[in-house]
Structure formats: structure tokens, C-alpha cells
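Presented below is the structure to which this report refers.
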Amino acid sequence: MNSNLELVDFYVSEGIELLGEASIGNEITRAGARWISPSSTEISQAIKGKLHAEDARVSFRAARALLNKRQDEIAALSGLSRATVKSLESGKDWAESHQTLVSFYDRAGVEFTGWGDPVTDKYFGVGVRWKISR
1 MNSNLELVDF YVSEGIELLG EASIGNEITR AGARWISPSS TEISQAIKGK LHAEDARVSF
61 RAARALLNKR QDEIAALSGL SRATVKSLES GKDWAESHQT LVSFYDRAGV EFTGWGDPVT
121 DKYFGVGVRW KISR
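Per full-length UniProt numbering, the very first residue in the sequence shown carries number 1; after that it's consecutive.
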């Protein structure tokens, strides 16, 4: 148990929040991880500046990790080329391919987290979690 708590502390120190819903006597559901985000859009720029922000709304790399798949496996399952999956994971934004990959992960049970800040044009809380129990 102690090593689990140390692992949680490590991720929190890196700015990562582990997600999940729990109730007594049941397994944890909707597990995942995301960058720690402001609890509200109504916070100062100084606080936002201290938190990790992304340029993109979704993290395809995190979604692939949640599924425990390689890029070539995601490519085959989604109908995209490995080169396209790699490019989308590195931040390229090709609208049709982007939507294809979002739809694939949605069908696989992955939920993307995060919200955009129009002032900074950045995204906070970007991450992934299971939509339903796994």
C-alpha cells in the first residue's frame, strides 16, 4: 500500500491527477489520468501560468496508452496509416484524420478530458479516462 501512495505522490508532484470513481465494496471505475487543471475558468492568469497547459484539446498518445496499444495496432484498428497516427500524436491537426481517430477512441470506450481557455488559447486538464467500468 505504501508504494502505491508513493506512486500517487510522484504523479501529483509531476502535475498529473489520477482519476477514478470508487464506492465502498466496489471496484474503481472510470480510471484514467489528466494534467491537473484549475477547478474553474474564473481564476487568475498567474494561477493558470503555474499549471500545465496543452496546445491541443486531446492527447492521442494518452488514449493509446490507456488502451495499451502500439501505434501500428491503432493504425490497423482505426483504418489510418501508422505515419498518420504518429503525426496526429505529435500535434498535427488534419481535420478528417483527427475526427477518425477521435471516433475510434470513442468507440473503444475512451473519454477525453480537458477544457479550453479562450484567453490563453490553451487547454487545461487534458487527459483520458475510461467512459465506463473496465
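Using N, Cα and C, we set each Cβ at its ideal position, and we do this for glycine too.
Computed from a prediction, not measured in an experiment: that's the story for all the values here.
For V110, the secondary structure class from DSSP, reduced to helix, strand or coil, is strand.
Remark: C-beta atoms of F104 and V58 do not approach each other more closely than 8 Å.
For A63, the enclosing alpha helix (DSSP H) has its first and last residue at F60 to L67. Rounded to whole angstroms, the separation of the alpha carbons of G20 and A76 is 29 Å.
Straight-line spacing of the CA atoms in S3 and S90 works out to 32 Å.
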